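Novice:
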Amino acid sequence: MASGLLFFPTQQVRILFCVLRASIQVKFHPHKHMAKYKLEYIWLDGYTPVANLRSKTLIKEYDHFPKLEELPNWGFDGSSTRQAEGHNSDCVLKPVAVFPDSTRKNGVLVMSEVYLADGTPHSTNARATILDDPDTWFGFEQEYFLYQDGRPLGFPESGYPAPQGPYYTGVGYSNVGSIAREIVEEHLDICHDAGINHEGINAEVAKGQWEFQIFGKGSKRAADEMWVARYILVRLCEKYEVDVNFHCKPILGDWNGSGMHSNFSTKYMREVGGKEYFEALMAAFAKHHNEHIAVYGPDNHLRLTGLHETQSIDKFNYGVANRGASIRVPNSFPKNAYRGYLEDRRPNSSGDPYKIASRILQTISTVPTP
Ligand code: ADP
Ligand code: MN
Ligand code: MN
Ligand code: MN
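In the numbering used here, the protein residues as written are -15 to 354.
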């Protein structure tokens, strides 16, 4: 061998050159920077009445930030999430939305739907029931409590803090404490880094209660972003030893509950609208009131009492600028010839935005458009 190489020096040089060129290409070619990405697959489990967020990490090499269609389906043990029996436990995770995760090196958040092995959507997969419509827009206002040691952040060990009043949009240590603002600001930044359309923050009426809003165009987009924003918030709070309490009425008595007002508009509502269509729409919402309440989050009777800016759970009404109505019609709506968006105030803070969006679109679809 050695003597062979000696006899063919030009061949040897050629091979050396080839090896060198290949290594230079790997090193300097812009499309060959492979990196190990951390794909965090996120899904909703089978717990009732409120699903939990679950997630696990898959490491995969890409030479660029992966696109949705480049993410593989994955699987998990459904018998540990109340989504399967032990003897046939494999469930499929199908990526449906992808976001950069600025909290991790090469981090990727992968929102996923759950499927059965035969390719049909799992019964817990409410996203699969949403009518596809790129021209439907949703805006969700997520209220929640930050909790520590089993009580809202800022509540004394026993008893209550000063009655609500100064907390809503409040400022100052005695109103908002010292960690809450750090959490909500960090949450906002991580959401924006992810490309989530987080639209705003406010301290809420009860002590320890906060709100953020997500708006999205496309019938599934805002709901996807809301679930990922919830995931980011819950995970962020781990290091503060704080939990997020999404229950709609964690503190009974004269303390506001938490809602998730759901603002919605279709292209027809925005561009054509009209009083007649609006009244037909509201008649359909009245008719399906119970089906809406059924997917608007558990324990809503504790929150929808007719007090604290709510309508009672067994009544449906609507009203211009009326925060005590089931559906609030923004002032701008009648002014703009009954065009624009409407605010369904019934959904609560632990409601599933997939189920809410699905139900709203189902009811809208029963109303004929001329
Ligand atoms: P309020 O607290 O007064 O109800 P917010 O500002 O908290 O109001 O929430 C209003 C929500 O309505 C926002 O999430 C916003 O994105 C959403 N929204 C605005 N215009 C539309 C629209 N045309 N279709 C759907 N949602 C909309
Ligand atoms: Mn709001
Ligand atoms: Mn609010
Ligand atoms: Mn609102």
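A virtual CB, placed ideally from N, CA and C, is assigned to each residue, including glycine.
Small disclaimer: the values here were computed from a predicted structure and weren't measured.
Cα separation between Y144 and R287?
Specialist: As a position in the sequence shown, residue 144 is number 160, starting the count at 1. As a position in the sequence shown, residue 287 is number 303, starting the count at 1. If I take the Cα positions, the gap works out to 19 Å.
Novice: Using a Cβ-Cβ cut-off of 7 Å (strictly less than) and excluding sequence neighbours within five positions of G161, which residues of its own chain qualify?
Specialist: If you number the sequence shown from 1, residue 161 lands on position 177. Counting only Cβ-Cβ distances below 7 Å, and skipping sequence neighbours, we find L137 and G138.
Novice: Is E195 buried or exposed, if buried means 16 or more other CB atoms sit within 10 Å of its CB?
Specialist: Counting from one through the sequence shown, the residue named residue 195 turns up at place 211. Buried, because 16 or more other Cβ atoms sit within 10 Å of the Cβ of E195.
Novice: If you measure from the CB of N57, is any heavy atom of ligand 1 nearer than 7 Å?
Specialist: Numbered from 1 along the sequence shown, position 73 holds the residue referred to as residue 57. Incorrect: N57 has no Cβ contact closer than 7 Å to ligand 1.
Novice: Does DSSP classify C175 as helix, strand or coil?
Specialist: Here residue 175 is taken as the residue at index 191 of the sequence shown, counted from 1. Looking at C175 - three-state DSSP - the assignment turns out to be helix.
Novice: Below 7 Å, is the gap between the Cβ of E188 and the nearest heavy atom of ligand 3?
Specialist: On the sequence shown, residue 188 is found 204 positions in, with the first residue counted as 1. Yes - ligand 3 has a heavy atom lying nearer than 7 Å to the Cβ of E188.
Novice: Can you give the beta carbon distance from I277 to C221, rounded, assuming they're within the 8 Å contact cut?
Specialist: Looking up residue 277 in the sequence shown gives position 293. Looking up residue 221 in the sequence shown gives position 237. Rounded, the Cβ-Cβ distance is 29 Å, inconsistent with contact.
Novice: Once the 5 residues before and after Y152 are set aside, which same chain residues still bring their CB inside 8 Å of it?
Specialist: Indexing the sequence shown from 1 puts residue 152 at position 168. So the list reads N186, A187, E188 and V189, once near-sequence residues are dropped.
Novice: Can you check which of these residues, E263, T289 and G200, is closest to G237 by C-alpha distance?
Specialist: Translated into positions along the sequence shown, residue 237 becomes position 253. For G237, the nearest C-alpha among the options comes from T289.
Novice: Can D327 be considered in contact with ligand 3, in the sense that its beta carbon sits closer than 7 Å to one or more heavy atoms?
Specialist: Stepping through the sequence shown from its first residue, residue 327 is reached at position 343. Rather than Asp, the amino acid found at residue 327 in this sequence is Glu. The answer is no for E327.
Novice: Going by CA-CA distance only, name the one from W27, Y46 and K44 that's closest to L37.
Specialist: Along the sequence shown, one-based indexing puts residue 37 at 53. The shortest Cα separation from L37 among W27, Y46 and K44 belongs to W27.
Novice: Just to confirm, does H245 get its C-beta within under 7 Å of one of the non-hydrogen atoms of ligand 4?
Specialist: Start at 1 with the first residue of the sequence shown, and residue 245 comes out as number 261. Yes; taking the cut-off as 7 Å, the Cβ of H245 has a heavy atom of ligand 4 nearer than that.
Novice: May I ask you to report which of helix, strand or coil DSSP gives K40?
Specialist: Here residue 40 refers to the residue found at position 56 when the sequence shown is read from its first residue. It is a strand residue.
Novice: Have a look at K319, R323 and G241 and flag the residue whose alpha-carbon is nearest the alpha-carbon of E293.
Specialist: Indexing the sequence shown from 1 puts residue 293 at position 309. Ranking K319, R323 and G241 by Cα distance to E293 puts G241 first.
Novice: For A187, list the residues DSSP reports as bridge partners.
Specialist: The sequence position of residue 187 within the sequence shown is 203, counting from 1. Answer is W194, bridged to A187.
Novice: Check each candidate in A101, G103 and K44 and name the one with the smallest Cα separation from V92.
Specialist: Position 108 of the sequence shown holds residue 92. Comparing Cα positions, the closest option is K44.
Novice: Check whether the region 120 to 138 and the region 241 to 251 are in contact - that is, three or more C-beta pairs closer than 8 Å.
Specialist: Because the criterion of three Cβ pairs below 8 Å is met, the region 120 to 138 and the region 241 to 251 touch.
Novice: If you check the beta carbons only, do S296 and A110 fall under 8 Å apart?
Specialist: For the purposes of this step, residue 296 is taken as the residue at position 312 of the sequence shown. For the purposes of this step, residue 110 is taken as the residue at position 126 of the sequence shown. The answer is no: Cβ separation not under 8 Å.
Novice: What residue does the alpha helix (DSSP H) around D208 start on, and which one ends it?
Specialist: The sequence position of residue 208 within the sequence shown is 224, counting from 1. From DSSP, the alpha helix (DSSP H) with D208 extends over R205 to C221.
Novice: Please work out which residues of its chain come closer than 7 Å, Cβ to Cβ, to C175, disregarding the five sequence neighbours upstream and downstream, and give them in chain order.
Specialist: Against the sequence shown, residue 175 aligns to sequence position 191. Excluding positions up to five away in sequence, the list reads H182, A213 and I216.
Novice: When you compare the CB positions of P314 and Y325, do they come within less than 8 Å of one another, or not?
Specialist: Locating residue 314 in the sequence shown gives position 330, where the first residue counts as 1. Locating residue 325 in the sequence shown gives position 341, where the first residue counts as 1. Yes, Cβ-Cβ distance for P314 and Y325 is below 8 Å.
Novice: Across the region 96 to 110 and the region 302 to 313, are there enough close Cβ pairs to call them in contact, namely three or more that are closer than 8 Å?
Specialist: Result no; under three Cβ-Cβ pairs closer than 8 Å.
Novice: Taking 7 Å as the limit between beta carbons, can you name the residues of its chain near R88, skipping five residues before and five after?
Specialist: Along the sequence shown, one-based indexing puts residue 88 at 104. These residues qualify, in order along the chain: K22.
Novice: Quick one: grab the DSSP three-state call for Q346.
Specialist: The sequence position of residue 346 within the sequence shown is 362, counting from 1. Helix.
Novice: Who are the Cβ neighbours of F230 in its own chain at under 6 Å, not counting the five residues just before and after it?
Specialist: Translated into positions along the sequence shown, residue 230 becomes position 246. Same-chain partners within the cutoff: Y128, S333 and S334.
Novice: Which residue from Y280, V80, N301 and S39 puts its Cα closest to that of E367?
Specialist: Absent from the model: residue 367. The displayed extent of the chain is -15 to 354, so no value can be given.
Novice: For the beta strand (DSSP E) that R312 lies in, which residues bound it at each end?
Specialist: Numbered from 1 along the sequence shown, position 328 holds the residue referred to as residue 312. First-last of the beta strand (DSSP E) with R312: I311 to V313.
Novice: What residues are listed by DSSP as bridge partners for R135?
Specialist: Along the sequence shown, one-based indexing puts residue 135 at 151. Answer by DSSP bridge pairing, in chain order: Q132.
Novice: Under a Cβ-count criterion, where at least 16 other Cβ atoms within 10 Å of its own Cβ denotes burial, should M(-15) be classed as buried or exposed?
Specialist: Residue -15 sits at position 1 when you count from the first residue of the sequence shown. Confidence in M(-15) is poor, its pLDDT being 42 and thus under 50, which makes the residue's placement unreliable; the coordinate value appears in the next sentence. Its Cβ having fewer than 16 others within 10 Å, M(-15) is exposed.
Novice: Closer than 7 Å to a non-hydrogen atom of ligand 3 - does that hold for the CB of E195?
Specialist: To locate residue 195, count along the sequence shown from 1; it is residue 211. Yes, Cβ of E195 sits closer than 7 Å to a heavy atom of ligand 3.
Novice: Once DSSP output is grouped into helix, strand and coil, what is the label at I340?
Specialist: Position 356 of the sequence shown holds residue 340. Three-state result, I340: helix.
Novice: Quick check on M18: buried or exposed, where buried means 16 or more other Cβ atoms within 10 Å of its Cβ?
Specialist: As a first step, residue 18 is located in the sequence shown; it is residue number 34 there, counting from the start. Label assigned to M18: exposed.
Novice: Taking all protein chains shown into account, decide if G134 is buried (16 or more other Cβ within 10 angstroms of its Cβ) or exposed.
Specialist: Taking the sequence shown and counting its residues from 1, one reaches residue 134 at position 150. Exposed, since its Cβ has fewer than 16 Cβ neighbours within 10 Å.
Novice: According to DSSP, is N332 part of a helix, a strand, or is it coil?
Specialist: Along the sequence shown, read from residue 1 onward, the residue named residue 332 stands at position 348. Reduced to three states, the DSSP call for N332 is strand.
Novice: Have a look at A206 and E327 and give me their C-alpha separation to the nearest angstrom.
Specialist: If you number the sequence shown from 1, residue 206 lands on position 222. If you number the sequence shown from 1, residue 327 lands on position 343. If I take the Cα positions, the gap works out to 15 Å.
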